[in-house]
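All remarks here apply to the structure that follows.
Residue numbers (this note's numbering): 29 to 299.
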């Protein structure tokens, strides 16, 4: 039943508008089942291979999260007070938490690294937490005629988690080279040159494990909660929202902490 009621993604509609104009859309932006949309594609000869490769919905929601963080950061920075109110206290706690990650895994000099670790932590946290909001209620009542899209956490797409993992991969190389120059690469032949293949394998495995861990845990959480909601929809929503808040926070912390640990190892004197 869930598959029958699921509507096509907003990215498919946007792609078709950009390519062919609004006249080619089936019933405007009205939600279609996947089966109905597939039949319409076949009848009109529409090819969505480009859309499937680009994952436009993931791109749109990723930019939405980034813009939200930028605007929120700018707004909060303008209203800083010596005696913080509740809102500023929450923000300071988040910043302090990110500083703690950097301090524990890299060192006391948090300045050069906080911008990256804090950004990656806040992006994953916000992406996960936005998925808790009851987006399906946008399709009821007076808003039903607008056919608004459902939000889907970018971290639930493996393309996003791979991109984030590759950012961390580049980051610990960049920070290591910035701290040690070309001497950073000495650890590939230290203490023995024949160990180089194993060090390279370790480097390659890091982004793989980072991406799989985040994607797997976020996806597994969504699946478990979806199953529980089908079994007991009137009993479990609120507890599950608390569980999602917790799991979203844990995944953001794990990714940020592992990224920080890799950077810490790259800039350490003995590395």
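Even for Gly, the Cβ is constructed at its ideal location relative to N, Cα and C. Since the structure is predicted, the reported quantities are computational estimates derived from the model, not experimental observations.
Exercise for the section: Starting from the Cα of residue 280, find the closest Cα among 226, 187, 156 and give me that residue. Expected result: By 1-based counting over the chain shown, the position of residue 280 is 252. Per the Cα distances, 156.
Exercise for the section: Quick one: grab the DSSP three-state call for residue 220. Expected result: Counting from one through the chain shown, the residue named residue 220 turns up at place 192. DSSP places residue 220 in coil when its eight states are reduced to three.
Handout entry: Spatial neighbours of residue 239 in its chain, beta-carbon cut-off 6 angstroms, leaving aside the 5 residues before and after
Key = Numbered from 1 along the chain shown, position 211 holds the residue referred to as residue 239. So the list reads 189, 190, 193, once near-sequence residues are dropped.
Exercise for the section: Would you check if the stretch 220-233 and the stretch 270-288 touch, i.e. whether three or more CB-CB distances between them fall below 8 angstroms? Expected result: Segment contact: the stretch 270-288 against the stretch 220-233, fewer than three CB-CB distances shorter than 8 angstroms; contact not assigned.
Problem - Residues near residue 186 by beta carbon distance below 6 angstroms, same chain, minus five either side - result: Counting from 1 along the chain shown, the entry for residue 186 is found at position 158. If we look at residue 186 and ignore the five residues flanking it on each side, its Cβ neighbours are 243.
Handout entry: Extent of the continuous alpha helix (DSSP H) run through residue 208
Key = Here residue 208 refers to the residue found at position 180 of the chain shown. Taken as a continuous stretch (DSSP letters only), the alpha helix (DSSP H) holding residue 208 covers 186-208.
Practice task
Please classify residue 85: is it buried, with 16 or more other beta-carbons within 10 angstroms of its beta-carbon, or exposed?
Solution key: Your numbering for residue 85 matches position 57 in the chain shown. Classification of residue 85: buried, given that the 10 Å Cβ count is 16 or more.
Practice task
Compare the C-beta of residue 137 against all C-beta atoms of chain D and say whether one is closer than 8 angstroms.
Solution key: No chain D appears in the structure shown, which is made up of a single protein chain.
Problem - Simplified DSSP assignment, three categories, for residue 31 - result: Taking the chain shown and counting its residues from 1, the one referred to as residue 31 is at position 3. The predicted position of residue 31 is uncertain, since its pLDDT is 35 and thus under 50; a value taken from the coordinates is nonetheless stated next. DSSP places residue 31 in helix when its eight states are reduced to three.
Practice task
Consult DSSP for residue 247 and reduce its assignment to one of helix, strand or coil.
Solution key: Here residue 247 refers to the residue found at position 219 when the chain shown is read from its first residue. Here residue 247 sits in helix by DSSP.
Practice task
For residue 154, I'd like the list of residues in its chain whose CB is within less than 7 angstroms of its CB, leaving aside the five on either flank, ordered along the chain.
Solution key: For this step, residue 154 is matched to residue 126 along the chain shown. Apart from sequence neighbours up to five positions away, the residues of its chain that approach residue 154 with a beta-carbon distance below 7 angstroms are 93, 96, 97, ordered along the chain.
Problem - Nearest neighbour of residue 335, chosen from 116, 114, 143 [CA to CA] - result: Any property of residue 335 remains undetermined from this structure, which presents the chain solely from 29 to 299.
Exercise for the section: Spatial neighbours of residue 294 within its chain, please: CB distance less than 8 angstroms, with the 5 preceding and 5 following residues excluded, ordered by chain position. Expected result: In the chain shown, the residue the question calls residue 294 occupies position 266. The answer, listed in chain order, is 200, 201, 203, 204, 207, 212.
Exercise for the section: Quick one: which unbroken alpha helix (DSSP H) runs of 4-plus residues sit fully inside the stretch 74-146? Chain order, please. Expected result: Runs found: 77-82, 84-106, 114-133.
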